[in-house]
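Residue numbers (the UniProt record's numbering): 1 to 431.
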Ligand SMILES: Cc1ncc(COP(=O)(O)O)c(C=O)c1O
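Structure representation (structure tokens):
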């Protein structure tokens, strides 16, 4: 693990722990992008996009891949039903038909944070299963499948999320996925993975894409989270499925022209930025270890990957903690009322984590009484005072987007907010 910059770069002014989506491409990634050979991908002749799609598909033991602008789009394309009915689309629908039902965790990204796209794009209704930090089990799925009867929607699709964002970065074991996969195959259900952070699962859980991929009918992966790309997601699956997905991408306006510049970043990331996710996890655990001893933390979720979530103890005000950190150059996000989140990533190195640890301790020493109403903003240590270079060779985000305000949040789920209820979204907590 190193806290040194990967490529050199300007000294950061802020440490942005709101999400792993805030990274900016480092010099080597930019170099790869600038050197990309490109073509018109809507015509299918961008060699770098084709290479990325093939590379990722091979990695996951799938036949084909489709490069899209976002993880939301790859998830929604996979779910996309029936508006594209068989008669309208040679080869049939993708996974569902309008009126069908999909099963997912009650705090799944596809349900909470994709703008109602399940209904909007596909006319499908989700059946939400209470989750263990975003994970659902084969037994729950088996119990939730509707019987064949015209009163009930047809249960068609199961969607898993690995790692689970709102579950605090929890991941599935390969055994659990195998059980779910066999059940789905036995019962004729399709199985989709929202793998926005699946590489974080791989480096922790002891299985890889080649073992896991074939257990699913389709997999969405994101390049713009922990892998550090500015843009991009891939949908992976059987050739026929991807051919149909290609049509839906067009309908959704996701066809991009000389997208090879972006695909080159993706290839670079898949080749260079996967193993280093372990460093993000180690840094997240360091933050967790510090938080576990602090008086303003009433519950710390297990730190399984790069996401640290804690509940703020009674007598302390979450909003004030967020503001006091911000005043000292550290951005974190609000998951739910009284529930805060820190996410480690490529633009946060060891030195920055040291600085944040110091600041988290200092908040406790300063106490709620003195600083709780934001009255001491500007006093005390600043996290960006020290050596704060990150691995990516950049400062963290420029702070132009403010962290969520607690008043914006209507999720009043008690406890950690990691399980159950789904809860309403805090602005910015979706990423
Ligand atoms: C678990 C999960 N799935 C999907 C997405 C959607 O990705 P995008 O922001 O690229 O649409 C996100 C992003 O925030 C996510 O956290």
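Glycine residues also receive a C-beta, built at the ideal position from the N, C-alpha and C atoms.
All values derive from a computational prediction rather than experimental measurement.
- Rounded to the nearest whole angstrom, the C-alpha separation of residue 185 and residue 78 is 17 Å.
- Between residue 199 and residue 236, the C-beta spacing is not below 8 Å.
- Contiguous beta strand (DSSP E) elements confined to the segment 175–236 occur at 190–195, 218–222, taking only those with 3 or more residues.
- Excluding its 5 nearest sequence neighbours in each direction, residue 29 has C-beta neighbours in its own chain below 6 Å: 265, 268, listed in chain order.
- Annotated three-state conformation of residue 334 is strand, per DSSP.
- Relative to the Cα of residue 154, the nearest Cα in the group 25, 160, 126 belongs to 126.
- In this chain, the alpha helix (DSSP H) harbouring residue 320 covers 318–327.
- With a cut-off of 7 Å, the C-beta of residue 75 is classified as near ligand 1, since at least one heavy atom of the ligand falls inside that distance.
- The segment 179–194 makes no contact with the segment 314–332: fewer than 3 CB pairs, one atom from each, lie closer than 8 Å.
- Under the three-state reduction of DSSP output, residue 155 falls in the strand class.
- Taken atom to atom, the span from the alpha-carbon of residue 313 to that of residue 364 is near 11 Å.
- Taking the Cβ of residue 179 as the reference point, every heavy atom of ligand 1 lies at 7 Å or farther away.
- For residue 284, the enclosing alpha helix (DSSP H) has its first and last residue at 277–291.
- Secondary structure note for residue 252: it is in no beta strand (DSSP E), with a DSSP letter that is neither H nor E.
- Cβ-Cβ distances below 6 Å link residue 61 to 210, 213, 214 in the same chain, with the five nearest sequence neighbours on each side left out; the list follows chain order.
- Between the alpha carbons of residue 257 and residue 42 lies a distance of about 6 Å.
- In the DSSP secondary-structure assignment, residue 67 is bridged to 234.
- Between residue 69 and residue 254, the beta carbon gap of about 6 Å places them in contact (Cβ cut-off 8 Å).
- By the CB criterion at 8 Å, residue 141 and residue 103 fall inside the cutoff.
- Between the segment 49–66 and the segment 277–286 there are fewer than three C-beta pairs closer than 8 Å, too few to call the two in contact.
- In terms of side-chain proximity, the C-beta atom of residue 334 is found no nearer than 7 Å to any non-hydrogen atom of ligand 1.
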